[in-house]
Each structure stands twice: as structure tokens, then as C-alpha cells.
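Let me begin by presenting the structure, written as C-alpha cells, before commenting on it.
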Amino acid sequence: MSTIGSTKPVRALDMSAVTLTFPDGTGRVRALEDVSLAVAPGEIVAITGPSGSGKSSLLAVAGRLIRPDSGRVSVATRSGDTVELNGLSRGEAARARREHLGFVFQQSNLIASLTAIEQLEVTAHLGQRWWSGPSRRREVRERARLLLDQVGLADQSHKLPAQLSGGQRQRVNIARALMNTPSLLLVDEPTSALDSARGAAIVELLTAMTRTHGAACVLVTHDPTHLDRMDAVYEMVDGRLRSVTGDQDVEPGVGSSEAGPPSDAGPSLDGVGPVSVGGTAMSSALTAMP
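According to our numbering, numbering within the sequence shown proceeds without interruption in unit steps and concludes at 287.
Structure below.
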């Protein structure tokens, strides 16, 4: 087995010797074959490969939406602890996703009846058993406003999804993923429904926000035009993962440490002004799927 990633202990995501199979008639088909991957905080890596090669299965295992047949998957928390995902119950896994992971899907999957700012606010309240007091609600709203400002949608916060363009909805999707301050972002084909210009701006925004908020990011993509923005690139073929960045294993964090701080303004989408990436790291993640 060849291990992809660093031997250093600082890993927001650490997958080791992961194998995943699915039933196929009287036998089983392998979706992931002995996959190992390490991603450091602030690093963004791309997973490429043909359809059916196992890319989405890798994301599902990393997000504990599926439990692998064998191998180890762990994520680091913002407090420095490590959560072993494979041993979690369904309820514990849902909590881990809310607290430590952020998801950005191909489609924005926004709730039609909620405004842009409410999409973020509801994420912060998921899983709570008790009524939130006024101070907590003010804190959540301020956090949501800051994130919408960072993705360039401060003046669109009151709009419903139907009133937003495709690029704007995907920006809300990214802000929502960062609402609970995740240590890891899992991103599945975020530009598939966008034209090339808006797709490039979304990838630029993702890289800037990943580094601004100090999260690790694993991005599945079919689009080779964005790969030069990644810290590392891997290819999935028939369930096996290999580095295409170079002949040697890629050390997490190298690209992000050399990248320097993000600029104060990023690309513009849909004519609503520049994307701001300044400010303090705060809030991210969840889709609390059981």
C-alpha cells in the first residue's frame, strides 16, 4: 500500500487503508481499495477521475455518511482533539458532522422558504434541545451576516433561493458550510451547474475561504481548469487513489503555508461586487444526516 499524504501528526483528515464494498448480485464490488489520504488544516486538495471511479464514495466515507468495510478515518477538531469516525453510532456521527464537518454539494440544496441569512442561522441551531435565548440568537445572526459578507452577499441576505442566481445560491451553500467552524470541508462538484466564469469564481472563493478559516478541504471535480489553484491533486481510478502532483507523496500544508494570507477582495459573481475574505475565522458545517 502506498500512503498518500504527510507523516506529520497535524492532519484535519486522516484516512488510512480504507476499503469500501457494495453488494453486487451474489458478490460485492469494491468502491474504494486500500485508500489512504492525509489533509492538513488550510490545505485544499482535489480528487479527479472518471465517473464511477469512487470519488463520491471517498467523500461519503470521509464525512461518515458511509462506514467503510475496513481502515481508519479520523478528523481533527478545532480544540486539537481527534475524532475516530468509524466507531461512532448514527447519532454520534450526526453530531460530528454538525460540529466538525462542512458539506458543499453539487446543487445548493437550500430550503425554499428560508432567506439566505436564515439558511445559515438554522444550521447553527440544528441539534439543539433547548430554546435559544436572545443573546444566542444575536450571536448566530451576527455570525451569519459576517459569512454572507465574506462571500459577497451582504446585500442579498433577505432574498429567498428563487430570487438568487445559481452562482449566488452556491455562495450561500459555501457560507452555510462554514457556519459551525468546521475543521474539514467536503466539496462535491461545486461548479457542475455553473458556466465557466461563475465556476472559476466559486473555486477561487472556496480556496480563499478555506485558507481564511483554516479548514482543510477535499474537493471532487471533473474540471481540470481549476487544478492549478489546488495544493495537491489526486486521481481516483477503479477505487484506487494516487497522487498526480508529483512522484513523491504530497506533504499536507505545503501549498497553504506558501500561499500567504488571502487578499481583501476576491472575484465578483453575478455583478454583486467583490467577494470579501477578510475577517476572523468563525462558524461552519453541518448537514446533520443520520
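Glycine included, each C-beta is placed from N, C-alpha and C at the ideal position.
Between the CA atoms of residue j and residue i - distance to the nearest angstrom
| i | j | result |
| --- | --- | --- |
| A9 | S86 | 21 Å |
| L157 | E115 | 9 Å |
| L266 | P65 | Reliability fails at L266, whose pLDDT of 33 lies under 50, so the model's placement of it is uncertain and the value that follows must be treated cautiously. Going by the C-alpha atoms only, they are around 38 Å apart. |
| G276 | Q147 | Low confidence applies here, because G276 scores a pLDDT of 29, under 50, leaving its location unreliable; read the following figure in that light. Those two C-alpha atoms are separated by around 8 Å. |
| R135 | R173 | 17 Å |
| G61 | E139 | First, the residue type needs correcting, since residue 61 is Arg and not Gly in the sequence shown. Looking at the two C-alpha atoms, the distance is approximately 30 Å. |
| L123 | A59 | 21 Å |
| A14 | D31 | 4 Å |
| L111 | R25 | 42 Å |
| D192 | R168 | 14 Å |
| D11 | E81 | 9 Å |
| A90 | A190 | 29 Å |
| T209 | G39 | 8 Å |
| G130 | T207 | 31 Å |
| A35 | V101 | 20 Å |
| H155 | V70 | 39 Å |
| L56 | S132 | 36 Å |
| L144 | S33 | 32 Å |
| T288 | G163 | Summary: the structure shown does not reach residue 288, with the chain confined to residues -2 through 287, and so no result is reported for it. |
| L203 | I63 | 25 Å |
Close beta carbons around residue i, own chain, < 7 Å, minus the five adjacent residues each side
| i | result |
| --- | --- |
| E232 | T45, G46, R239, V241 |
| Q153 | A113, L161, Q165, V269 |
Three-state secondary structure assigned by DSSP to residue i
| i | result |
| --- | --- |
| M12 | strand |
| A256 | Here the model assigns A256 a pLDDT of 37, short of 50, so the residue's position is not dependable, and the following value carries that caveat. A256: helix per DSSP, three-state reduction. |
| S53 | helix |
| E89 | helix |
| P20 | strand |
| S110 | coil |
| L123 | coil |
| A43 | strand |
| S193 | helix |
| D185 | strand |
| D66 | coil |
| R226 | helix |
| S48 | coil |
Assigned exposure category for residue i - 16 Cβ within 10 Å defines buried
| i | result |
| --- | --- |
| H97 | buried |
| I329 | Residue 329 lies beyond the range of the chain shown here (-2 to 287); nothing can be said about it. |
| A205 | buried |
| D225 | exposed |
| I171 | buried |
| V200 | buried |
| T79 | exposed |
| P187 | buried |
| V234 | exposed |
| G49 | exposed |
| A159 | exposed |
| G293 | There is simply no residue 293 to check, as the chain begins at -2 and stops at 287 in what is shown. |
| V72 | buried |
Own chain, CB closer than 8 Å to residue i, minus 5 neighbours either side, in chain order
| i | result |
| --- | --- |
| A28 | L17, T18, F19, G51, S54, G236 |
| V119 | I108, L111 |
| S67 | A14, V15, T16 |
| R142 | I114, A151, S154 |
So, do the segment 179 to 196 and the segment 11 to 23 have three or more beta carbon pairs nearer to each other than 8 Å?
no
Check whether the segment 170 to 182 and the segment 212 to 221 touch, using three or more Cβ-Cβ pairs below 8 Å as the test.
yes
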